[in-house]
Amino acid sequence: MVRFGFVFSMIATLSVSTSAFAQSLSVQTAVDENFLALETAVAEAGVTPIASIDHSRLAKAEGVKMPASRVLIFSDLEINTPILEENVRAGLDLPFRVLSFDQDGRPQIAYTDSQFLKARHGLTDASSLRAFQSKMLEVLNNLDATPAPTNGLFADYGVIELRSQLSVPKAVERLRKAVMEQDDTVWFGGVDFAAEASHLGVELPDAVLLLFGGPAPGGVAMAGFPVIGLDAFCQKLLVYANEEGGSVVIFNDIAALAELHYGSSAEPHHGLNKRLTETFRSAIE
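When you number the sequence shown by the working numbering, it's gap-free, plus one each residue, and the end is 642.
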C-alpha cells in the first residue's frame, strides 16, 4: 500500500510538472507570436529596426532562468529629431521600444508612450509628441498593449548622471571599451542622434546612444520583474555634449524603474546600479 501511494504521488508530481511545462511553452509561444507581429508591423511602418533582443533565451544560454521576454527597438529620425531639439536628454528614451513578455504566466505587451517621454523629460512640443504616439500606435496595430506607467513619474526620474571632461567621441570610445571588457556583456548597437539629424539639415549637440547588456545578470534582475526589460535591458547609455565643455553621461537607474513598474526593487537591481556606475565613472575620468 505504501508502494502504491508512492507511485501515485510520483505520477501526480509528474502530471503537475508536465502541465507547468506545457503552460510555459504556451506562454513562450504567445510571447513569440506577439513579437513576430511587432516585427512585421515595424517593417510595414517604414521605420528602422535597431535591435531585437530575446532576454530569456540569451539568459538561458548563460544558465539563468527567467520569464519569456523579447524587446524590439526601432527608430525614425524624423520623429526623434524634433524631440531631441527640445531636450537632448530625451535620447535616453529614444528610439521606440516595445516589449513582449510573460508576467505571471500571462503574455503581455508593454511600450513607452509619449506621456512617459513628456513627464520624464519635461517635453512641451505637442506636435512632436503627437507624431511619436501616432507612429507607435501604428506599429502596435491593434495589439493589446499597455504603456509604461507614469503615475509617480517626474522630470529625470530614475536617471543616473555622470560628467566628464572628455569630448563625446572620446567618452564613447572609452565607454564602449570598458563595456566590452566585461566578459558577461553583449553589444547590441547604438544610435548617433546628431549624425541622423544632420541628414535633415538640423544641428544637434553631439549625442550618441549606446546599447548593451549582460544576459546573465540581466536575467537575474528580470526574473521577478520582467517588464523592466522595456527600460533597463538592454542597458541604454546616452552620451551628449555639455554646454560647459566635455560630456554628460546618463543611464537608467534599474532599481528606480523596478519601483516604478512594480512598487518595489530587489538587491540585484541595486548591485547592477553600483557595478554600472563604477564601470562608467572609471572609463570617463
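Virtual Cβ for every residue (Gly too), placed ideally from N, Cα, C. Please read these numbers as outputs of a predicted model, since none were measured by experiment.
Can you check which of these residues, the options, is closest to residue i by C-alpha distance?
i           : options            : result
residue 572 : 440, 638, 543, 432 : 543
residue 595 : 443, 459, 464, 637 : 637
residue 517 : 634, 619, 478, 534 : 634
residue 411 : 626, 385, 512      : 385
residue 407 : 391, 470, 549, 478 : 549
residue 466 : 435, 584, 629, 605 : 584
residue 458 : 509, 531, 395      : 395
residue 404 : 629, 491, 471, 473 : 491
residue 640 : 449, 604, 468      : 604
residue 513 : 581, 387, 474      : 474
residue 493 : 469, 477, 425, 481 : 469
residue 599 : 622, 534, 526      : 526
residue 601 : 534, 483, 631, 521 : 521
residue 462 : 399, 388, 515      : 388
residue 501 : 390, 574, 420, 537 : 390
residue 537 : 567, 454, 523      : 567
residue 551 : 414, 575, 420, 440 : 440
residue 425 : 580, 540, 523, 447 : 580
residue 587 : 414, 427, 415      : 427
residue 623 : 482, 476, 450, 574 : 574
residue 559 : 515, 445, 429      : 445
residue 541 : 397, 632, 619, 429 : 632
In angstroms, rounded to a whole number, what distance separates the CA positions of residue i and residue j?
i           : j           : result
residue 593 : residue 422 : 23 Å
residue 562 : residue 607 : 15 Å
residue 431 : residue 503 : 18 Å
residue 546 : residue 569 : 7 Å
residue 611 : residue 626 : 5 Å
residue 505 : residue 496 : 16 Å
residue 531 : residue 383 : 43 Å
residue 609 : residue 472 : 18 Å
residue 507 : residue 529 : 30 Å
residue 379 : residue 499 : Bear in mind that a pLDDT of 48 at residue 379, under 50, signals an unreliable position, so the number given afterwards is only what the model happens to contain. Distance between the alpha carbons of residue 379 and residue 499: 28 Å.
residue 615 : residue 433 : 28 Å
residue 629 : residue 442 : 31 Å
residue 489 : residue 435 : 10 Å
residue 557 : residue 419 : 42 Å
residue 486 : residue 478 : 12 Å
residue 564 : residue 448 : 8 Å
residue 413 : residue 460 : 13 Å
residue 400 : residue 482 : 27 Å
residue 484 : residue 451 : 16 Å
residue 642 : residue 519 : 10 Å
residue 417 : residue 523 : 38 Å
With H, G and I counted as helix, E and B as strand and the rest as coil, what does DSSP make of residue i?
i           : result
residue 503 : strand
residue 411 : strand
residue 420 : coil
residue 486 : helix
residue 623 : coil
residue 522 : coil
residue 429 : strand
residue 580 : coil
residue 439 : helix
residue 650 : The chain is shown from 358 up to 642; residue 650 falls before or after that span and cannot be answered.
residue 515 : coil
residue 496 : helix
residue 592 : strand
residue 399 : helix
residue 543 : strand
residue 586 : helix
residue 389 : helix
residue 618 : helix
residue 315 : Residue 315 lies beyond the residue range present for the chain, which begins at 358 and ends at 642; the question has no answer from this structure.
Check whether chain C comes within 8 Å of residue i, counting only Cβ atoms and requiring the distance to be less than that.
i           : result
residue 563 : The chain labelled as chain C is not found in the depicted structure, where only one protein chain is given.
Tell me the DSSP bridge mates of residue i?
i           : result
residue 597 : 564, 605
residue 549 : 565
residue 467 : 456, 503
residue 634 : BP columns for residue 634 are empty, so no partner.
residue 405 : 432
residue 570 : 543
Could you check if residue i is buried or exposed, using at least 16 other CB atoms within 10 Å of its CB as the buried criterion?
i           : result
residue 511 : exposed
residue 553 : buried
residue 373 : With a pLDDT of 46 at residue 373, under the threshold of 50, the predicted position of this residue should be treated as unreliable, and no value is reported.
residue 454 : buried
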